[in-house]
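K.L.:
Mind the numbering: the sequence shown is residues 150 to 337 in the working numbering, read in order. We put the beta carbon where it would ideally sit given N, CA and C, even for glycine. The model shown is predicted, which means the values in this text are computed figures rather than measured ones. I have a structure I would like to understand better, so I am pasting it below and will then ask my questions one at a time.
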Amino acid sequence: MIFLFSDTQLQDWVNVRYSDHPLTTAVHLIPGFLMLFVAPLQFSDTLRRRYRAFHRFLGRVFCISGIVSGVGVLWMVIVFPALGGVLTQVVTFVLVFSMCAFMGIAVKAIRSRRTARHRDFMMRAYAIALSVSTARIFIELAELLFGLPFETSFVIASAAGVIVNSGIAEWIIYQRKGTAEPIQRVSA
């Protein structure tokens, strides 16, 4: 049905979905922005070493806002007509559950004082969370370079965002394990 819309009509349709459901949109977007804002701070060696309590606080903010935003987007793909249909819904559920599982593994790892494992799984969770933003870059490039409208590039761009971000995260994790000195367990 949405493929019958012009670009302007599609943009209006997308915007109306958000404006018709302001609470659902806010539950997803506000914590999502918060999560994406605090995440880069968590990878700062200086912050982590000098301000451990602040690092822990931001880690809690990251996880809580990620879970809330994830629940919001799960609700959105049920309430809103999802671009890409059932495929988008299924993939969204898999990604949100994966992100939450990665955060859970990371929390368990840090409680066991396994900092390298903690960092690896937080990086994986962040890669999934950031993939939505990366997909937007691919959507814009698809329109700019190939003239593809939003609805045509959405699913492929979303997949590319996950693949690129996850690939970069895994490459960073692999590089650190191959070249860096072992990360010591932190003391309480």
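1. Within this structure, are the beta carbons of residue 287 and residue 310 separated by less than 8 angstroms?
2. Considering only the alpha carbon of each residue, which of 197, 179 and 240 lies closest to residue 304?
3. Taking three-plus beta-carbon pairs below 8 angstroms as touching, is the region 241 to 251 in contact with the region 316 to 325?
4. Could you tell me the distance, in whole angstroms, from the CA atom of residue 298 to the CA atom of residue 205?
5. Taking the C-alpha atoms as reference points, what is the distance between residue 214 and residue 308?
6. Leaving out five residues before and five after residue 302 in sequence, what residues of the same chain have Cβ atoms less than 6 angstroms from its Cβ?
7. Using the three-state DSSP reduction, which class does residue 189 fall into: helix, strand or coil?
8. Got a sec? Which residues, its chain only, sit under 6 angstroms from residue 181 by beta carbon, not counting five neighbours each side?
P.N.:
This is what the structure gives:
1. A contact, by the Cβ cut-off of 8 angstroms.
2. Between residue 304 and the set 197, 179 and 240, the nearest pair of CA atoms involves 240.
3. The region 241 to 251 makes no contact with the region 316 to 325, as fewer than three CB pairs between them are under 8 angstroms.
4. If you take the alpha carbons of residue 298 and residue 205, they lie about 42 angstroms apart.
5. Straight across, the Cα-Cα distance linking residue 214 with residue 308 is about 23 angstroms.
6. Cβ within range, chain order: 288 and 291.
7. Helix.
8. 218, listed in sequence order.
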